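In my numbering, the protein residues as written are 8 to 378.
C-beta: ideal position from N, C-alpha, C; glycine also.
If you're wondering where the values come from, they're calculated on a predicted model, not measured in any experiment.
As structure tokens, the structure follows; a few thoughts come after it.
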Ligand code: SF4
């Protein structure tokens, strides 16, 4: 994988969410959140498994009631990847979530109540050695802060975060990460920039309530890319009004585009025009679906004709370049003797990609065992 050359990452402290390291130059983890009723244990487990399948490193689950907490207890036993319990208002739910094995809590100390309750949560988290995320959101700033700044501003978000951080400092607790999210890209990014200079803890970054699949992806990509390219951000969550599986896919697509982290098939495909010799769009769509389970990074170019097809195929791991009736196939930049019949491209490419991945995995295992 090529390395992103622009990145000069902010040095942050390291925390662990389960076994996943966050901060201090750890791999940037991709998170999402379930949107099932947590009390519906089976549906929630299935959704977490779907998220895991597409590469989620960490999943957050909201616990709005005691019933949800009891369900979380069962869910936790069935799931291998780390789970964050999302808690608002009721400190007893936080204590329950910790007791039931949460790998991290997400709380807003401002809505938990008095310091005694917060101290109970912190004592319990310390006891179980689990971190907490302080999540500040432009949509739920404290009344006095809003009065002071008139509207959510970067300074207002950071003041809110620092107020919560002081709670944690007072209890000598530093195992936390922080987010200062807004749906406005400029508000969110500027808040993170200011906060990044004030604390050493890892930052969970994202554009909150970004919107539906298309415009939410655009806003998230701009905001997250701006921050990551400035070295800010240790873990990401894309907030979409869509199936959370899409959040994870978009998260990886952002990291792939920035050459920060790669997972699965990176399709290079042309936009198509009247020169295309086979149906590029359908081919890419079908293969994206068929190969969702693939985690090994691999570049595959699918280009409709020779105009750009040869150049792209030469730099991809596998590539197909459209030509009349049968298209040229490239492996590691070398044109293979046998062409692929255009009507068999989807089927043949799937086989070839899976075979190549098998070889790459074997090679990686061999390298690991012989270092
Ligand atoms: Fe059209 Fe060929 Fe360019 Fe694809 S590569 S857009 S088919 S000219």
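Rounded to the nearest angstrom, the Cβ distance from residue 307 to residue 326 is 7 Å, consistent with a contact under 8 Å.
Ranked by Cα distance from residue 28, the first of 182, 97 and 158 is 182.
Using a Cβ-Cβ distance cut-off of 8 Å, the segment 227-234 and the segment 35-50 are not in contact, since fewer than three pairs of beta carbons, one from each stretch, lie closer than that value. Distance between residue 59 and residue 274, taken at the CA atoms: about 21 Å. Distance check between residue 278 and each of 271, 272, 291 and 270 places 291 closest, using alpha-carbon atoms only. Taking a cut-off of 8 Å for Cβ pairs, the segment 256-267 and the segment 74-92 do not touch, as fewer than three such pairs fall below it. Minimum Cα-Cα distance from residue 113 among the listed residues 120, 121 and 104 corresponds to 104. Counting every other CB atom within 10 Å of its CB across the protein chains shown gives residue 312 a total of 16 or more, marking it as buried. Counting only beta-carbon distances shorter than 7 Å to the non-hydrogen atoms of the ligand SF4, the qualifying residues in chain order are 277, 278, 279, 280, 282, 283, 287, 310, 311, 312, 314, 315, 316 and 329.
Within the DSSP bridge table, the entry for residue 337 names 326 and 342 as partners. Measuring C-alpha to C-alpha distances from residue 272 to each of 324, 164, 85 and 170 identifies 324 as the nearest. Classified as buried, residue 54 has 16 or more neighbouring CB atoms from the shown chains inside 10 Å of its CB. Taking every protein chain shown into account, the CB of residue 211 has 16 or more other CB atoms within 10 angstroms, so this residue is buried.
Taking each of 95, 51 and 118 in turn and checking the Cα distance to residue 85, the smallest one comes out for 51. Boundaries for residue 238: no alpha helix (DSSP H) harbours it, and the DSSP string shows neither H nor E there. If you look at residue 175, you'll find it in the alpha helix (DSSP H) that goes 161-177. Straight through space, the alpha carbons of residue 131 and residue 87 are spaced by roughly 22 Å.
If you check the CB distance, residue 65 and residue 36 come in under 9 Å. For the pair residue 159 and residue 200, the CB atoms are not nearer than the 9 Å cut-off.
Around the C-beta of residue 45, 16 or more other C-beta atoms lie within 10 Å, and the residue is accordingly described as buried. Close CB contacts of residue 171 within its chain, under the 6 Å cut and outside five residues either way in sequence, are with 116 and 141 (chain order).
Within the segment 44-113, the runs of beta strand (DSSP E) that reach at least 3 residues and sit entirely inside it are, in chain order, 65-69 and 90-93. Residue 244: member of the beta strand (DSSP E) spanning 242-244, first to last residue. With a cut-off of 8 Å on Cβ pairs, the segment 366-374 is not in contact with the segment 347-354, counting fewer than three such pairs.
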